[in-house]
Structures are given as structure tokens and as C-alpha cells.
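Below is one structure, written out as C-alpha cells, with a few remarks after it.
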Amino acid sequence: MLNAAVTKNKAILLGENVACDAHEDGRGVRVVTHAHYDHVFGLRDSLRKCGAVYATPLTRDMLCVLYGRRAEEVVPLRYGEPVMVGADVMTFYPSGHIPGSAQVLVEDPEGGRALYTGDFRLPGAPVIDADVLVIEATYGHPRCVRPPIDEVYDALMELVSSEVRRQPVHIYGFYGKVQEVMEVLRRNGIREPFLAEGKMYELTTVCAKHNLGIRDVINATSSEGLDVLRGDGGYVFFKHTSKLGEKVRGLKIHLTGWEFKVTHRKVSNDTYRVSLSSHSDFNHLLAYVEDCRPKLVIVDNSRDGYGAEFAREVKRRLKIEAIAMP
Ligand SMILES: [Zn+2]
0 MLNAAVTKNK AILLGENVAC DAHEDGRGVR VVTHAHYDHV FGLRDSLRKC
50 GAVYATPLTR DMLCVLYGRR AEEVVPLRYG EPVMVGADVM TFYPSGHIPG
100 SAQVLVEDPE GGRALYTGDF RLPGAPVIDA DVLVIEATYG HPRCVRPPID
150 EVYDALMELV SSEVRRQPVH IYGFYGKVQE VMEVLRRNGI REPFLAEGKM
200 YELTTVCAKH NLGIRDVINA TSSEGLDVLR GDGGYVFFKH TSKLGEKVRG
250 LKIHLTGWEF KVTHRKVSND TYRVSLSSHS DFNHLLAYVE DCRPKLVIVD
300 NSRDGYGAEF AREVKRRLKI EAIAMP
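In terms of numbering that gives the first Met the number 0, the sequence shown opens at residue 0 and continues consecutively.
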């Protein structure tokens, strides 16, 4: 069976050559599965010491926005396009998490297969066959269960379309999730101006360049943006979660994975929480393992979430060998 492990430094090791989502000395190949900061650890070291650093073309462009020009040295690799890593072959697959995010499959010459899901979301991500499956477990506790995503989208649509006629709407979320919501709102007929600024605006431009169906987002600091902000019409202003505490005129909507069982909830006079996550919930994590049927499951226990709990549930419910690492 192909070697796989998760290190204390948060690197996911696949075979003998590949390290994903953190730098690991001695590995020839580094992968960044997506642009969230907790998967970009040690990028500078990897660019200096590894033979190559791979990411999907969209992730590479997002890294350039978030981490500057040094990310231009990241080598773009498309979904489904195999590349040799030593004697092994590595292939990326979509993970349904945020724009550009990837699962990573490494196959050895004997046909052994190790797969790392990265952060992923079902439905959306294809389930890839593997002997060893390294899986995230952000929501690996049985109580982490959400309504179906279409119901969440419907609730969000209703909230935005009814409120934006009365007052400005401010939507807070992580990079990538916000761009998903821009696309969903436009596709469902929201016509009011969309605003974003700084890195959120630049990332939106990058996603639009990669044909993600996001149109007409205005830079809030441009003269056009300032006109919208000064006017008395409605608009939707998209911002990073870290700005949630700010004072604004209008309604706040917080997109969060940590709201379970209900689609949305009013938490104060001017703030709603909407249960929209870019991750699989507990049932979808379990469904991935069940469909994949690996010989061994390694649960990433180096990042936030429920690694030990999820490994226990896999063993108990599916009778598949599972360990949490580190
Ligand atoms: Zn992520």
C-alpha cells in the first residue's frame, strides 16, 4: 500500500515525493490544494526548496492576489491532467470547496492509490477510488449536520431579495465562498449593484477571468462604487468574515458553516446567520468514505475540526480501518 501521513506541521504526505498544504523538507513536490491560508503554510520554503509547487490555474492566480508575486512561480496543473512525480503519477480532481480547489491522487507503478480530499464539499466533488484515503474532518462530529444546500440557497435568496429593496445588504464570508454566493444571487435574478473592495474585489476579478459566471461586481473604492454607496438605492456589499464586527447602515448576513439544522437564523436586530458552508457536513464526510471504500482512512487531525471523533465514527459505522493523524 502506498505511504500516506499527516505531519505535526500540517503537511499531507502522499507516496515518497508529494507534500500537500504545508512545506515538508525532503519532498520534491509541493501541492497547494486551494487558496485558504491554512493550506498555504510554508509556501516560501516550498518555492525555494522543492523541485516544483503545483496548484490549479485558478488557485495559482488566487495565490498571486493573496501572497504576492512570488506565487507566480507556482506551476498550474489542470484537473484530470496527470503529471509524473518521481516514479509516481499525480492527478488533481475538483473538490467542490471553493473556486479552484482540488483533491490530489497519487498512484505508484504497482497501481497503489493514495488520495487526499483537501477541503471538499458533497454534493459536487467526485468520489475518487483509493486504497488509502486522507480526508479532512472540519465537521466530523455527528451533530454537525446541515439542511440541503438548495434549501440554504433558497433561504439566502429570499432574505437578500426582500431586504435589498429596503436597505443595503452586507454579506460576510471567507474567500471563495463569497464568490460562490455572488454567482448564485446573480443566477437567481438579483439585479442590484454588487460591491467589493481590496483583496475580495481582486479575487472576484480573478474568478471572473476563469469564467465563474460572476458579472458586474464594482470596486467599492472606485468613483462608480462611491456613487453607489452615497446613493439611496439598494446594493449588496461582499466582505471577508473578519469585518463582521464593523458598523454599517443596513442588514448584515454572515455566511457560516457553524450553524446547524436550520437554513438561517436572526441573531440580532440587524444580523442573520446563514448556514452556508464550503465543507461537507458529517453525513457527507461519511458518505465519501462509504463510496470510496478504502483499505485505510487517515483523518487530518492537524487542522480545526473533529479528527479523532470522525476516525472513531468511520470505524464504528463503516467497519473501515481509520486513524486520526497526528
Ligand atoms: Zn478551505
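All C-beta atoms, glycine included, are put in the ideal place defined by N, C-alpha and C.
The structure displayed is predicted, hence computed values, not measured ones.
**Message:** Tell me whether the stretch 310-322 and the stretch 157-176 touch, counting them as touching only if at least three CB pairs, one residue from each stretch, are closer than 8 Å.
**Reply:** With the cut-off at 8 Å, the stretch 310-322 and the stretch 157-176 do not touch.
**Prompt:** Using CA coordinates, which residue listed in Lys-251, Tyr-287 and Arg-164 is at the minimum distance from Tyr-115?
**Reply:** Within the sequence shown, numbered from 1, the residue matching residue 115 stands at position 116. If we check each option's Cα against that of Tyr-115, Tyr-287 comes out closest.
**Message:** Mapping the DSSP letters down to three states, classify Leu-42 as helix, strand or coil.
**Reply:** Working through the sequence shown from its first residue, we reach residue 42 at position 43. The answer is helix: DSSP assigns Leu-42 an H, G or I state.
**Helix, strand or coil at Ser-221 according to DSSP, with G and I counted as helix** = For the purposes of this step, residue 221 is identified with residue 222 of the sequence shown, where counting begins at 1. Looking at Ser-221 - three-state DSSP - the assignment turns out to be coil, as it is neither helix nor strand.
**Item:** Residues passing the C-beta test against ligand 1 heavy atoms, cut-off 5 Å
**Value:** His-35 and Asp-118
**Asked** Do you know how far the Cα of His-35 is from the Cα of Gly-188?
**Response** Within the sequence shown, the letter at position 189 stands for residue 188. Within the sequence shown, the letter at position 36 stands for residue 35. C-alpha separation (whole angstroms): 29 Å.
**Message:** Whole angstroms are fine: how far does the CA of Arg-145 sit from the CA of His-278?
**Reply:** Numbered from its first residue, the sequence shown carries residue 278 at position 279. Numbered from its first residue, the sequence shown carries residue 145 at position 146. Distance between the alpha carbons of His-278 and Arg-145 is about 11 Å.
**Prompt:** Counting along the chain, where does the beta strand (DSSP E) carrying Glu-320 start and finish?
**Reply:** Counted from its first residue, the sequence shown places residue 320 at position 321. Glu-320 -> beta strand (DSSP E) spans 320-324.
**Request:** Report the rounded CA-to-CA distance for Asp-149 versus Val-183, giving the unit in angstroms.
**Result:** Along the sequence shown, one-based indexing puts residue 149 at 150. Along the sequence shown, one-based indexing puts residue 183 at 184. The straight-line gap from Cα to Cα measures roughly 10 Å.
**Message:** To the nearest angstrom, how far is the alpha carbon of Ile-11 from that of Gln-102?
**Reply:** Locating residue 11 in the sequence shown gives position 12, counting from the first residue. Locating residue 102 in the sequence shown gives position 103, counting from the first residue. Going by the C-alpha atoms only, they are around 12 Å apart.
**Prompt:** Considering only residues of the same chain and omitting the five flanking positions on each side of Met-61, which have a CB-CB separation below 7 Å?
**Reply:** As a first step, residue 61 is located in the sequence shown; it is residue number 62 there, counting from the start. Spatial neighbours of Met-61 in its own chain (CB-CB distance under 7 Å, excluding positions within 5 residues in sequence) are listed in chain order as Ala-34, Gly-99, Leu-202 and Val-205.
**Prompt:** Three or more beta-carbon pairs under 8 Å between the stretch 211-219 and the stretch 243-251, yes or no?
**Reply:** no
**Request:** List the DSSP bridge partners of Ile-252.
**Result:** The residue labelled residue 252 in the question sits at position 253 within the sequence shown. The partner list for Ile-252 (beta bridge, DSSP) reads Ile-170 and Tyr-271.
**Message:** Along the chain, where does the beta strand (DSSP E) containing Phe-309 start, and where does it finish?
**Reply:** Reading the sequence shown from its first residue, position 310 is the one you call residue 309. For Phe-309, no beta strand (DSSP E) segment is defined; the enclosing uninterrupted segment is the alpha helix (DSSP H) at 306-317.
**Message:** Using C-beta distances below 6 Å, list every residue in its chain close to Leu-295, excluding the 5 sequence neighbours before and after it, in chain order.
**Reply:** In the sequence shown, residue 295 corresponds to position 296, counting from 1. Here the set comprises Val-131 and Glu-320.
**Request:** Could you say if the stretch 153-169 and the stretch 253-267 meet the contact criterion of at least three C-beta pairs nearer than 8 Å?
**Result:** yes
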